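Peer 1:
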Amino acid sequence: MNIRPELLRFADGKPVCTAEDWTKRRQELLDLLRREEYGFAPEKCKVTAEVTEVNPKCAGGSARLESVTLTFHAPKGDHAVPVHLFIPTDGKKHPLILLINFRPDPYDMYCPTEEIIDNGFCFAEICYKDITSDDADFSNGLAGCFDRPTDGTGWGKISLWAYAMQGVLDYLLTRPEIDAENVAVAGHSRLGKTAMWCAAQDERIRFALINGSGCGGTALEQTKHADAETYEHIHKYFHYWFCENHHKYETETVSAVLDQHMALACIAPRFACVGCAKDDWWADPWSEKLCCTAAAPAWEVQGCKGFDGDETQAEIGTFLHGGHISYHLRSGIHFFSRRDWLPYMEHIKNNLK
Ligand code: GTR
156 MNIRPELLRF ADGKPVCTAE DWTKRRQELL DLLRREEYGF APEKCKVTAE
206 VTEVNPKCAG GSARLESVTL TFHAPKGDHA VPVHLFIPTD GKKHPLILLI
256 NFRPDPYDMY CPTEEIIDNG FCFAEICYKD ITSDDADFSN GLAGCFDRPT
306 DGTGWGKISL WAYAMQGVLD YLLTRPEIDA ENVAVAGHSR LGKTAMWCAA
356 QDERIRFALI NGSGCGGTAL EQTKHADAET YEHIHKYFHY WFCENHHKYE
406 TETVSAVLDQ HMALACIAPR FACVGCAKDD WWADPWSEKL CCTAAAPAWE
456 VQGCKGFDGD ETQAEIGTFL HGGHISYHLR SGIHFFSRRD WLPYMEHIKN
506 NLK
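Each residue of the sequence shown is one higher than the one before, counting from 156 in my numbering.
(1) If you reduce the DSSP assignment to three classes, tell me which class Arg181 lands in.
(2) Apply the 10 Å Cβ neighbour rule to Ser442 and answer buried if 16 or more other Cβ atoms are within range, or exposed otherwise.
(3) Would you please state the rounded distance, in angstroms, between the beta carbons of Gly477 and Asp463? I believe it to be under 8 Å.
(4) Can you check which of these residues, Lys433, Tyr392, Gly309, is closest to Asn400 by C-alpha distance?
(5) May I have the straight-line CA-CA distance separating Ala449 from Asn157, to the nearest angstrom?
(6) At a cut-off of 6 Å, is Gly369 close to the ligand GTR when judged by its beta-carbon and the heavy atoms of the ligand?
(7) Within 10 angstroms of the Cβ of Leu507, are there 16 or more other Cβ atoms? Answer buried if so, exposed if not.
(8) Could you check what DSSP says for Tyr265 in three-state terms: helix, strand or coil?
(9) Judging by CA-CA distance, which residue of Leu184, Thr203, Ala204 is the nearest neighbour of Phe195?
(10) Are the beta-carbon atoms belonging to Glu221 and Val209 less than 7 Å from one another?
(11) List the endpoints of the continuous beta strand (DSSP E) containing Lys199.
(12) List the DSSP bridge partners of Phe474.
(13) Would you grab the beta carbon distance between Leu162 and Ala420 for me? Rounded to a whole angstrom, and I think it's under 8 Å.
(14) Under 7 Å between the Cβ atoms of Leu225 and Tyr386?
(15) DSSP on Arg493, reduced to helix/strand/coil?
As structure tokens, this is what we get:
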């Protein structure tokens, strides 16, 4: 399949041939994605943290749960975000998974908390609405603490949620219990898009767990089937997730400028885990697989295996994990299931640094 725009070609038409070239191409792509899709995030600001409560024995006694208040000290004020942090009690360092979730409860239907801990992870969670509301109001929460550029390139909400995840990582990476070399971010659906965009920009993150992210996430726009969500649909209700410049892509099925493989590719040479459900036709599992094949050259040009899959539709039960991008397709609907977490944890454990 001839996917446009070409990943391994600079904007000036020159080919991207080496790992060094890719480093420059990645910056070019990030700049493009910031300008044309997600918007530029605010300048980094200082974060401080306070542990407000400790439950020394949870998950059957194998972890400690800390309630942490993380404060962003932004130019127009301070904003606090609650973080739940589970730390295994064995005294060892552990890889981290940071989940951005829909609800504030540390035990939620989108995460098998105890099983994550039993698999040897530190596990941190934040709720996206504690950062800023999921609507077009840019004056509340962390959003209200910054001026937002009005030239079309100002951050959409996805960009701000991803920015907050990075602030949370600034703190978590100071914790001695966390193995800073093996950090994963995770999210589902709009928050899968967020986890992807966060990992695309932040090289401290080794693994991106991108679940059911669909349109504006890991689904290629140009291969969407008839029932799938497109940029046009998403802008109808969720235009504020993106920057204003992104509107111009609404009517273009094949853009010569932009598609989602470019965002996924910015994670290279790190690890991306793409998870889909067979009946999630709105997110479009096949376009998500095609996004993996289209992004793979970003890994190959750096001398590593990108994706161990082809352009055919996957069968239920598929788990392709022979490359740096993994892809799985489970049965069922749009959900962040235990059956998504298991292949994600396996891909991480197979590729720990
Ligand atoms: C849908 C939206 C999708 C997806 C989903 C979600 O309505 O169209 O792009 O993000 O919401 O976040 O649950």
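Note that beta-carbon positions come from the ideal geometry of N, C-alpha and C, so glycine has one too.
Keep in mind the model is a prediction, meaning the values are calculated, not measured.
Peer 2: Once the coordinates are examined:
(1) helix
(2) buried
(3) 3 Å
(4) For Asn400, the closest C-alpha among the options Lys433, Tyr392, Gly309 is that of Gly309.
(5) 9 Å
(6) yes
(7) exposed
(8) coil
(9) Leu184
(10) Going by C-beta atoms, Glu221 is nearer than 7 Å to Val209.
(11) Here Lys199 belongs to no beta strand (DSSP E), and DSSP marks it neither H nor E.
(12) His483, per the DSSP bridge assignment.
(13) 6 Å
(14) Not closer than 7 Å, so no.
(15) DSSP places Arg493 in helix when its eight states are reduced to three.
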